[in-house]
Amino acid sequence: MPVFSSSKKKTDEYCCKIFTMDAELQFTIEATAKGHTLFSLVCQTIGLREHWYFGLKFLDKISNEWIWLQMNRTILSQPIQIQSNTISSKRPESPNSTENFKLHLLRSPPTSPSTSTLSLPSSSTSGGQQYINILELYFVVKFYPEEITNELIQDITRHLFYLQVKQDILNMDIYCPPDTAAHLASLALHAKFGDYDQISSSSESLNLESEALLPLSCFQKVDISRSDWFNRIIALWRTHASLTREESEMAYLKHAQDLDMFGLSFFEISKMQGGNKSNLSSSQQQQQQQQQQSDQSSIAAELWLGIDSLGIRFYKKNKLRPEVFFSWSDIKSVTAHDKKVILNMTGDKNATFAFYSAKSSVSKEILDLATGNHELYMRRRREQSIEIQQMRYFEEQQQKEKHRIVTRERQLRLQAEKERNEIERKFNEYQQQMKDIHDTLLKYQEAAELLARKAHVSSEEARLQAEKALEIEAQLERCKYEISRNEEEKRLYARQISECEQIISTLVNDSVKSRKEAEELKIEVATWRVAEAAAREKLLSITQINQSIAATNAVTQAQQNLVQSSSSPRALSPPPYRPILKNQESNQTDERALLIEKQSKQAQLALQLQDLKNVIQSKKIEERQTFLDKAYEENLAVGDNKYSTIQKASSGTASKRMAMLQDL
């Protein structure tokens with residue numbers, strides 16, 4: 113029977129909403145549709161081929177808990193909630209609240225799916241049809257790879273992993289120290305917005321308050337203001353310049369993979385009394401089983417069980433330090449019956465370990481996750497299938513093409529940056545020349561005004577001296593007249609005349625000298641006026657050159673904007689490739705410059721992270737530190753990390769570890 117039908121029978125078809133991490137899909141299914149059919153349709157719709165990492169989760173209508181959809185069963189035969197009335201975007205009540213999520217769940221479903229909706233088939237929503245029965249499921253990561261940077265092939269797979277891991281860290285499902293959380297937040301901002309310098313130079317304002325950047329614990333446990341957090345995140349963001357969105361997301365996953373709780377599914381378990389059933393008689397085993405089953409509801413959780421891609425871990429209280437670890441190669445099989453789960457080890461047939469979970473549904477989930485992780489573990493150690501090889505080849509070709517486009521864009525960006533710097537340098541030089549010419553022009557004007565004033569003063573002095581000479585000459589005439597009248601006075605006047613003649617001669621010489629100086633000053637003023645006119649003409653030519661540079665700068669900026677638009681993830685297709693004619697030496701110089709710049713940014717990032725660690729250490733609020741915070745500090749103090757604790761927990765033979773597990 114087909115999954116889709118164009119009929120309008122309300123009893124035969126259901127509206128099925130699928131929420132991914134960044135979208136909402138709608139399908140019309142029939143009552144007989146199985147889980148794998150819906151799952152395959154979702155994968156085809158979003159273009160996902162690495163489907164083995166993912167699963168569908170729904171809210172159990174009986175227990176109100178999140179459980180995995182069974183692929184080999186019909187969807188409606190499973191306890192999924194069916195909402196009545198018309199289609200609505202209403203989500204299950206409090207889907208991400210702490211009350212609805214038990215600690216044994218894999219991960220929380222998305223908190224706020226994108227507003228984008230894809231409905232299939234198209235006829236299902238035509239004619240204003242309203243669906244009576246609505247099913248809601250969540251498409252989330254179920255299994256994690258061992259090495260996330262090497263095993264994920266498709267971009268869509270990486271992107272979905274990135275979105276879910278980021279949400280798990282923000283929801284504090286994965287413990288993340290504050291300094292690492294700030295580093296991951298800077299990578300998330302770069303993946304979303306790109307280079308910080310391009311964002312800050314644009315007209316659009318960036319509001320970090322509206323972005324979910326850090327877990328709430330960072331603000332509660334460390335006495336650092338929100339603005340200080342944002343400033344430090346921005347400083348880290350600057351060090352990621354030139355990374356693409358794909359590289360930023362992969363760097364995020366690479367750093368998140370080193371967190372102790374990454375990829376782990378935790379379950380509360382109670383250890384079976386006596387441990388190894390081979391040491392007990394059949395009657396004792398039955399008695400013990402009946403006693404444990406009767407007292408199971410009153411037994412407190414003794415241990416934590418952690419399942420991931422590497423194996424099974426057992427914890428006491430500290431989820432950051434496993435006590436015993438068994439890799440999937442050590443485990444032969446896992447069986448579950450009701451609340452009881454049994455691990456069968458390889459080698460010794462009697463090497464088994466049994467424990468109890470709180471509910472039978474939890475035991476089934478443990479079995480499901482153990483089986484899936486074990487299968488993927490063994491698949492990774494076999495020769496890759498043709499499908500995987502084809503996917504890798506196709507993705508490698510795509511990555512090469514993307515790398516070629518990114519390299520070309522970086523070269524264009526570097527070239528545009530060099531041209532812009534050269535234009536800025538010339539512009540600054542012309543600005544300095546204009547300033548120097550302007551200062552010189554002011555000096556010319558001041559000197560001309562000073563000389564003009566001096567010339568005016570000299571002319572005035574010459575006029576006064578000429579008037580004084582005329583006055584003395586008149587006095588001399590009067591003296592001569594008086595001499596002719598009085599002989600005796602003649603001698604006296606003769607002396608006076610002689611003195612007056614000397615004075616007149618001196619005044620005449622001074623007057624001639626003053627006139628000469630005035631003429632020289634007039635000539636010098638004229639010279640300064642000519643120099644001033646030449647300076648004005650040069651200033652005009654500099655201004656015209658400056659305008660030409662501004663026009664060239666505008667053209668360069670337009671080219672740079674074109675490059676940025678071509679590198680945008682929203683572009684429908686890459687621009688046609690035109691090879692850049694550069695010699696080999698120039699390319700090698702650019703590569704060396706990029707390498708030096710990358711090393712410099714890495715060193716700068718390390719210094720900033722170390723400074724942030726020191727600040728957090730000095731400003732943390734001790735009374736608000738949780739058990740995991742203290743456990744993380746203890747691991748740091750002894751130099752332990754995720755991988756060293758696993759190595760210690762897996763040391764020794766399987767039998768020794770089994771004995772340690774029995775003694776926990």
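This note's numbering applies: residue 113 is where the sequence shown begins, and numbers increase by one.
Yeah, the Cβ is synthetic: ideal placement off N, Cα and C, and Gly gets one too.
Since we're looking at a predicted model, the values are computed, not measured.
Query: Which two residues bound the contiguous alpha helix (DSSP H) that contains ARG769?; Result: 766-775
Query: In the DSSP assignment, find the beta strand (DSSP E) that holds SER322 and state where it starts and stops.; Result: That residue, SER322, is in no beta strand (DSSP E); it is neither H nor E in DSSP.
Query: Quick check on the burial criterion: 16 or more other C-beta atoms within 10 angstroms. Buried or exposed for MET490?; Result: exposed
Query: With DSSP run on the structure shown, which of helix, strand or coil describes GLN193?; Result: coil
Query: When the distance is taken between beta carbons, is HIS302 closer than 8 Å to HIS271?; Result: no
Query: Are LEU365 and ILE345 touching if we call contact CB-CB under 8 Å?; Result: no
Query: Taking TRP164 as part of the beta strand (DSSP E), name the residues at either end of that continuous run.; Result: Note, TRP164: premise wrong, no beta strand (DSSP E); not H, not E.
Query: Taking only three categories from DSSP, how would you classify PRO681?; Result: Unreliable positioning characterises PRO681 in this predicted model, as indicated by a pLDDT of 42, which lies under 50. A coordinate reading is not provided.
Query: DSSP three-state label for GLN241, please.; Result: Residue placement at GLN241 is flagged as unreliable, the pLDDT there being 48, under the threshold of 50; a coordinate-derived value is accordingly withheld.
Query: Quick one, are the C-beta atoms of ILE83 and GLU585 less than 8 Å apart?; Result: A query on residue 83 cannot be resolved here, the shown segment of the chain reaching from 113 to 776 and no further.
Query: Pull up the distance between the alpha-carbon of PHE506 and that of ARG494, whole angstroms please.; Result: 21 Å
Query: Check whether the Cβ atoms of ILE192 and PHE170 sit closer than 8 Å, and answer yes or no.; Result: yes
Query: Could you check what DSSP says for HIS449 in three-state terms: helix, strand or coil?; Result: strand
Query: Would you say the beta carbon of ILE654 is closer than 7 Å to some non-hydrogen atom of the ligand NAP?; Result: Absence of the ligand NAP is noted for the structure shown, with no ligands found whatsoever.
Query: Quick check on the burial criterion: 16 or more other C-beta atoms within 10 angstroms. Buried or exposed for THR618?; Result: exposed
Query: Do three or more CB pairs link the region 516-531 to the region 462-480 at distances below 8 Å?; Result: no
Query: Output the boundary residues of the alpha helix (DSSP H) element that contains SER377.; Result: Taken as a continuous stretch (DSSP letters only), SER377 belongs to no alpha helix (DSSP H), being part of the beta strand (DSSP E) at 377-383.
Query: Indicate whether LEU707 and LYS431 have their beta-carbon atoms separated by less than 8 Å.; Result: no
Query: Who are the Cβ neighbours of ILE174 in its own chain at under 7 Å, not counting the five residues just before and after it?; Result: PRO191
Query: If you check the beta carbons only, do ALA761 and VAL436 fall under 8 Å apart?; Result: yes
Query: Buried or exposed, going by whether 16 or more other CB atoms sit within 10 Å of the CB of GLY764?; Result: exposed
Query: Anyone know if the C-beta pair for LYS626 and GLN587 falls short of 8 Å?; Result: Sequence inspection shows Ser at residue 626; the Lys mentioned does not correspond to that position. No.
Query: Report the three-state DSSP secondary structure of LEU432 (helix, strand or coil).; Result: coil
Query: By DSSP, does ALA463 sit in helix, in strand, or in coil?; Result: coil
Query: Please identify the residue among GLY159, LEU652, THR157, LYS768 whose C-alpha is closest to the C-alpha of PHE465.; Result: LYS768
Query: Just checking my contact of LEU773 with PHE426 at CB under 8 Å: how many whole Å lie between their CB atoms?; Result: 6 Å
Query: Do ILE419 and ASN485 count as a contact pair if the criterion is CB distance below 8 Å?; Result: yes
Query: Smallest Cα separation from TYR445: which of GLU631, MET457, PRO434, LYS452?; Result: Residue identity check: residue 445 is Ser in the sequence provided, not Tyr. Comparing Cα positions, the closest option is MET457.
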